[in-house]
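Numbering (my numbering), first residue to last: 1 to 301.
Don't be surprised by glycine CBs; every beta carbon is placed ideally from N, CA and C.
The structure appears right after this line, and notes come after that.
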């Protein structure tokens, strides 16, 4: 009797190679996520040129193992959340994070607005657009100096107690602001500009890791002159048969176990390239070379 031919196992989705992080003690995600800002029109304003392609892009991200998706009420505004719901609702196995606190007055325009009533309204609208009863992670998009931190976070705490927000995060803060916020309520994530050549948030990266807080770097791919043909990103990328952008993401993933990069794109091919970065394992020496070159580039600006 001929033995049955063993079935080949399907390869693991590439995002799983990034490892996992648990937000707030109960939401475990693959560390390489997706930022849904670019599924909108130019200037993050209005609908995308091809809504069907945006839906396909989001579904492809999930197929690749992405299970953490970050959006905001201000992306579109409203458009990103609506497309997310169209593509992925009811979000099986996914963690959807959104944000409020930036008013949109036109393409490319962003105005902090932390009026507690406005934050409540925007949370209610996000619940409606995302078609959920509870938002997994709701982040204050900016601290508005016209209102106290206690007023702004206090409204999010009230929404949490009402069951409309599961966890609370912050965006664009420093260590002092994070510490002040944690006196008011638990904070499970911070989201700041950070990449291999933009390192102002370095102290926050370390505090987040030590406190078990997720660090979500936005604009994670910027590398500037490091990606030039004779730059270190390009040179080491060649050794890994990778692109400089993939190497920049690999550097972030190695930088901290709490790092949750969310590269965004409007193109499926670029998405697939970004997610493949999770499988690149830098040596300690490569990591140090890139980090030093990035710090030099930042000082030279």
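query: Can you tell me which of 241, 239, 265 and 226 puts its alpha carbon nearest to the alpha carbon of residue 248?; result: 226
query: Would you check if the segment 173 to 183 and the segment 264 to 279 touch, i.e. whether three or more CB-CB distances between them fall below 8 Å?; result: no
query: Just curious, the alpha helix (DSSP H) that residue 65 is in, first and last residue?; result: No alpha helix (DSSP H) holds residue 65; DSSP gives it neither H nor E.
query: For residue 264, tell me which candidate among 69, 280, 23 and 98 has the shortest Cα-Cα distance.; result: 69
query: Below 9 Å between beta carbons: does that hold for residue 380 and residue 149?; result: This structure does not reach residue 380, given that the chain is present from 1 up to 301, and the question cannot be answered.
query: Run through the DSSP bridge pairs and tell me what residue 160 is partnered with.; result: Paired residues: none, contrary to the question.
query: Assuming the contact rule is C-beta atoms closer than 8 Å, residue 188 and residue 32 should be a hit. Round their C-beta distance to whole Å, please.; result: The Cβ separation is near 18 Å, so there is no contact.
query: Give the single residue among 232, 299, 43 and 240 whose Cα lies nearest to the Cα of residue 289.; result: 232
query: Less than 9 Å separating the beta-carbons of residue 37 and residue 71?; result: yes
query: Using the beta-carbon count (16 or more within 10 Å), is residue 114 buried or exposed?; result: buried
query: Considering only residues of the segment 132 to 204, which uninterrupted alpha helix (DSSP H) runs meet the minimum length of 4 residues and lie entirely inside it, listed in chain order?; result: 149 to 161 and 175 to 182
query: In chain order, which beta strand (DSSP E) runs of at least 3 residues are fully inside the segment 51 to 137?; result: 68 to 70 and 95 to 100
query: Kindly identify the DSSP beta-bridge partner or partners of residue 218.; result: 193
query: Identify, in the order they occur along the chain, each residue of the same chain with its Cβ nearer than 8 Å to the Cβ of residue 237, setting aside the five sequence neighbours on each side.; result: 243, 244, 246 and 247
query: Return the Cβ separation of residue 58 and residue 27 in integer angstroms, given the expectation that the two are a contact with Cβ distance under 8 Å.; result: The pair is not a contact, with the Cβ atoms about 19 Å apart (cut-off 8 Å).
query: If you reduce the DSSP assignment to three classes, tell me which class residue 259 lands in.; result: strand
query: For residue 39, which three-state DSSP category applies?; result: coil
query: When you compare the segment 193 to 210 with the segment 251 to 270, are there three or more beta-carbon pairs, one atom per stretch, that lie closer than 8 Å?; result: yes
query: What residue does the beta strand (DSSP E) around residue 268 start on, and which one ends it?; result: Unbroken run through residue 268 is the alpha helix (DSSP H), 268 to 276; no beta strand (DSSP E).
query: Return the chain-ordered list of same chain residues with a C-beta closer than 6 Å to the C-beta of residue 194, the five sequence neighbours on each side being excluded.; result: 201 and 217
query: Could you pull out every residue in the same chain whose Cβ sits closer than 7 Å to the Cβ of residue 141, ignoring the five residues on either side in sequence?; result: 72, 74, 99, 100, 101, 102 and 171
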